[in-house]
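The opening position of the sequence shown corresponds to residue 47 in my numbering, with each subsequent residue numbered one higher. Below you'll find the structure, written out as structure tokens, and then a few comments.
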Amino acid sequence: MNCLSVQLPMIQPDIKLNCPVYHLETTTSTNQLLKDWMPLCDTAVYADFQTAGRGQGDHLWTCAQKQGLLMSLLYYPQNDITAELLLKISAITVCRCVNRYLQNHPDSAVIKKPNDILINGHKLGGILLENFFHGHKLTASIIGIGINLHQQEFSAHNFSRSPISFKQLGISIHTEDLLFAVLKEFYEIISWDAQKIEEIYSAKAF
47 MNCLSVQLPM IQPDIKLNCP VYHLETTTST NQLLKDWMPL CDTAVYADFQ TAGRGQGDHL
107 WTCAQKQGLL MSLLYYPQND ITAELLLKIS AITVCRCVNR YLQNHPDSAV IKKPNDILIN
167 GHKLGGILLE NFFHGHKLTA SIIGIGINLH QQEFSAHNFS RSPISFKQLG ISIHTEDLLF
227 AVLKEFYEII SWDAQKIEEI YSAKAF
């Protein structure tokens, strides 16, 4: 199955990205969609709503319609990289993008190991990686990212810690702007050397 064989609306951004981006109104989960599809090149999808969004372990990731960034990136490593390092890259990516929007809370987003993005102890977002191997070599990864944008009410039982959204911080963000920022940031950081990634991760994670 090639990259364009599934009939999904492709987004045409004004900026150059490293992969095609597809949009859905509703899906079970963006990770599951890419897992079932498995196009042959890097591909990103995002949805307005997920009927079966997942977090780490047995946790759910729920978000009302058009109230958050619900995205996944299928990434095929060009060089040898470990799943652990790729998770760190993904967490740094989201953390740095979030911090750029926090005008009144500069640099306050941090990484709660292994995959949560927190602001003042409240969960703004999370990351879920599903990895594929050939032997011990990582051959592909689906990087799922959820970020609370406009929500003001949450189902408390679906979160391991108290959630927060950009809206509750008084910040308005367009979903696609954040999506494109995340993709650009990821492909920049993926080119960094491992030592730099480890140093930045250590400074932002606890």
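Cβ atoms here follow ideal geometry from the backbone N, Cα and C, with glycine treated the same way. All values derive from a computational prediction rather than experimental measurement.
Quick check on the DSSP output: what are the complete beta strand (DSSP E) runs of length 3 or more inside the segment 64 to 124, in order along the chain?
Annotation: the segment 64 to 124 contains the following complete segments of the beta strand (DSSP E) (minimum length 3 residues), in chain order: 67 to 73, 89 to 96 and 114 to 121.
What runs of the alpha helix (DSSP H), each 4 residues or longer, lie entirely inside the segment 171 to 244?
With a minimum length of 4 residues, the continuous alpha helix (DSSP H) runs that stay inside the segment 171 to 244 are 221 to 235.
Can you give me the C-alpha to C-alpha distance between S136 and Q198, rounded to a whole angstrom?
S136 and Q198: Cα-Cα distance of roughly 26 Å.
Does D60 come out as helix, strand or coil in the three-state DSSP assignment?
Look at D60 here: in three-state DSSP terms it is coil, with no helix or strand label.
Separation of C143 from G192, as counted between CA atoms
Going from the Cα of G192 to the Cα of C143 covers about 13 Å.
Helix, strand or coil at I127 according to DSSP, with G and I counted as helix
Note: I127 maps to coil in three-state DSSP.
At least three beta-carbon pairs within less than 8 Å, the segment 224 to 244 to the segment 59 to 72
Yes, the segment 224 to 244 is in contact with the segment 59 to 72.
Which stretch, first to last residue, makes up the beta strand (DSSP E) that contains A155?
DSSP places A155 inside the beta strand (DSSP E), whose first and last residues are A155 to K158.
Expressed to the nearest angstrom, what Euclidean distance is found between the alpha-carbon atoms of L50 and P85?
Any reading at L50 needs caution, since the residue's pLDDT is 43, under 50, leaving its predicted position unreliable; the model's value is listed next. Just so you know, the alpha carbons of L50 and P85 end up roughly 8 Å apart.
By how many angstroms is the C-alpha of T89 removed from the C-alpha of K211?
Per the sequence presented here, residue 211 reads as Ser, with Lys not at that position. So the two alpha carbons sit approximately 26 Å from each other.
Quick check on A249: buried or exposed, where buried means 16 or more other Cβ atoms within 10 Å of its Cβ?
Per the 10 Å Cβ criterion, exposed.
Do G190 and I173 have their C-beta atoms closer together than 8 Å?
Yes, Cβ-Cβ distance for G190 and I173 is below 8 Å.
C109 versus L120, S118, T97 and L119, residue with shortest Cα-Cα distance:
Closest in C-alpha terms to C109, from the list L120, S118, T97 and L119, comes T97.
Does the beta-carbon distance from S187 to L132 come in below 8 Å?
Yes, Cβ-Cβ distance for S187 and L132 is below 8 Å.
Leaving out the 5 sequence neighbours to the left and right, which residues in its chain are closer than 8 Å to I163 when beta-carbon positions are compared?
Contacts found: A137, V140, C141, V144, A155, V156, I157, K169, L170, G171, G172, I173 and I193.
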